């Protein structure tokens, strides 16, 4: 038995992680049986894919396509007339078709996020070569309240996270295996990045993965300042990587434009007469239709982005927040609440975007520490005890900081869930930093280190459970709410 | 001398400190449930303690003492905010036992108004709104059980309620709800 466990330990750990992840993300993901936050938009867009209705949207269409796909596969709403979803871009709750269920629409994000946890495990495992380290830090992704609530929905972030972690895993795999990096590696990485960007444009941060891959690929030439060799390699690796990105991105749009064969309620999204003409003729899959349709979609996305208001913290009920406050969870968003009075006591079900404070503050502490480590090396010239691990830490700290710096340049209002991407980078960074700090103890399989990490995992799980009423919408009294209102900067508002 | 820190011990200490902080934060505050407050949110503004009520909803909160004027709000030192933001009534009906007969004072500090009755007789009141102000209400109490009835209201803005008592002989001030050699509450 022991030999069997040892032989298949990696698969057993993976299976356990998957089971836990599916249980945490998937349990009753169909409730509430009503929409919250951006679900009202995405459900309408996804249905248009199912019915072949033309539409334009501020985000690229891959996420909505996958939402539509799971809705068709699950088929729980097959007997329901969903025409109302095609007649609007924002489905009001009172217009929701009677009997509509959310199992299919929410499955894409829920399932892909639950699966992406495996990529996280794989990333940390490949770099640290320790199962218990990888498994312990994977708990940060399974048991983060913000990731869980936001992914169990008809939204795009859970879907995008799957492609993000897949791309990062592939990069790590290319670098850690004992084989030379080939152009095919750049191309496959390009495909994964292209899929990420095809869900949401902020996935462009992953273009930095090419820089990391190239850095490892050409490390000897970089150290020797061999500009000629570097230039030659750049001339072939840039097209090898970027062309697949573009190919995937435009292919997704090609399918999207091709599928839009019908205009409902004269909703044309300011499409050009040429594009509308192709739709009327039923030639949406032609290259000519793609050409004008792509331009129109791009213009629509651009105009929409220009029209999004700026953050106004003085506005009553402003849900947006400044990126500088995200690492500490500022500010939480109340997606939905339902009030009930039971035995004379007011009980409220909240669907509240709130992070697991153990996870979020640990990630922040990790970033502070790793930034200090980088400064100690590059400013003070201190020695590095594990160069490979050091550069991995530099890479993930760089990804975190680059994302945050890029976000800080954006003027439109942004929300706390835009922090989920750097949060995951930060969680990987924390795992690697732990490995760096406790390198000798880990190599010696120190029991004390394992116990410490075990306590950390218990804290992560315990605090996730404590805040889970916000995540799963369990009923809470005002007193129970107050017990969870830890920091004023979260800006939680009790419902009375 | 080389300063050496065992990293595992350091991490254990950090984890221990955070665990204790978390346990302290998630443990509900415990107080002796001595006095029952019935707090009722009014639908319309309140400017007089005796005005006709139009109650939207009510809740009951048990406190140990009537020390509910913290940070310019209707707030208990341990339980935190226990009232509503504005426009609410608080009704308190509490029996207490006088161990030493004699002259007493009930010092009522309120923001906004209140009305205090002992054994069904109105002792003192301030019917309108005001900033936190102390009002001293003297009376003679016989030995045995008595009934304390207080109505308080908060209109808008700052809030708070505190009730102390003292026996005129020794002048030592106690918060209402706190047992002493003169009065007993449980």
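Residue numbers (the numbering used here), protein chains in the order written: chain Z, 35 to 530; chain E, 67 to 252. We treat Cβ as the ideally placed atom computed from N, Cα and C, and that holds for glycine. Owing to the predicted nature of the structure, the values given are computational and were not obtained by experimental measurement.
### Query
Can you give the beta carbon distance from residue 504/Z to residue 381/Z, rounded, assuming they're within the 8 Å contact cut?
At roughly 14 Å, the Cβ-Cβ gap does not stay under 8 Å, so residue 504/Z and residue 381/Z are not in contact.
### Task
List the endpoints of the continuous alpha helix (DSSP H) containing residue 421/Z.
421 to 442
### Reduced DSSP category for residue 63/Z - H, G, I as helix; E, B as strand; rest coil
coil
### Residue interval of the alpha helix (DSSP H) (run including residue 504/Z)
481 to 506
### Query
Nearest-angstrom Cα distance between residue 132/Z and residue 111/Z?
10 Å
### Contacts of residue 482/Z in chain E (Cβ-Cβ under 7 Å)
74
### Query
Alpha carbon to alpha carbon, what distance is there between residue 115/Z and residue 339/Z?
32 Å
### Task
Out of 82/E, 150/E, 182/E, point me to the one whose CA is closest to residue 126/E's CA.
150/E
### Message
Can you confirm whether the stretch 86 to 99 of chain Z touches the stretch 169 to 180 of chain Z when touching is taken to mean that 3 or more C-beta pairs between the two stretches lie within less than 8 Å?
### Response
no
### Message
Comparing C-alpha positions only, which one of 447/Z, 433/Z, 418/Z, 478/Z sits nearest to residue 456/Z?
### Response
433/Z
### Message
Please identify, using Cβ separations under 8 Å, the residues of the stretch 78 to 99 of chain E that lie next to chain Z, in order along the chain.
### Response
78, 81, 84, 85, 88, 91, 92, 94
### Task
Would you mind working out which of 37/Z, 250/Z, 284/Z sits nearest residue 233/Z, comparing C-alpha positions?
284/Z
### Task
List the residues that DSSP assigns as beta-bridge partners of residue 43/E.
Outside the displayed span of chain E (67 to 252) sits residue 43/E, for which this structure offers no information.
#### Entry: C-beta neighbour in chain Z for residue 146/E, strict 8 Å
yes
### Ranges of the beta strand (DSSP E) found wholly within the stretch 225 to 278 of chain Z, counting only runs of at least 3
none
### Task
For residue 220/E, count neighbouring Cβ atoms within 10 angstroms of its own Cβ and tell me buried if that reaches 16, exposed if not.
buried
### Task
Quick one: grab the DSSP three-state call for residue 108/E.
strand
### Those residues which DSSP pairs with residue 220/E across a bridge
154/E
### Task
Determine, using beta carbons only, whether residue 150/E comes closer than 8 Å to chain Z.
yes
#### Entry: Distance, residue 209/E Cα to residue 230/E Cα
19 Å
### Task
Can you give me the start and stop residues for the beta strand (DSSP E) that residue 180/E sits inside?
180 to 184
### Task
Identify every residue that forms a DSSP beta bridge with residue 520/Z.
According to DSSP, residue 520/Z bridges with nothing at all.
### Range of the contiguous beta strand (DSSP E) that encloses residue 368/Z
367 to 376
### Message
Against chain Z, with Cβ distances strictly below 8 Å, would residue 222/E count as a contact?
### Response
no
### Query
For residue 106/Z, which residues of its own chain have a beta-carbon under 8 Å away from its beta-carbon, when the five flanking residues on both sides are left out?
84, 138
### Message
For residue 367/Z, tell me which candidate among 74/Z, 524/Z, 209/Z has the shortest Cα-Cα distance.
### Response
524/Z
### Message
If you measure between the beta carbons of residue 111/E and residue 159/E, is that distance less than 8 Å?
### Response
no
### Query
Would residue 54/Z count as contacting chain E if we go by Cβ distances under 8 Å?
no
### Query
When the distance is taken between beta carbons, is residue 494/Z closer than 8 Å to residue 392/Z?
yes
### Query
Is any beta-carbon of chain E found at less than 8 Å from that of residue 344/Z?
no
### Task
Flag this pair as yes or no: are the beta carbons of residue 101/Z and residue 142/Z separated by less than 8 Å?
yes
### Chain-order list of residues whose beta-carbon lies under 6 Å from that of residue 383/Z (same chain, five-residue window excluded)
372, 507, 509
### Message
Given this structure, state the Cα-to-Cα distance separating residue 104/Z from residue 190/Z, to the nearest angstrom.
### Response
14 Å
### Task
Look up residue 163/E in the DSSP assignment and give the residues it is bridged to.
211/E, 250/E
### Message
Taking a contact to mean a Cβ-Cβ separation below 8 Å, would you say residue 121/Z touches residue 300/Z in this structure?
### Response
no
### Query
For residue 212/E versus residue 184/E, is the C-beta distance shorter than 8 Å?
yes
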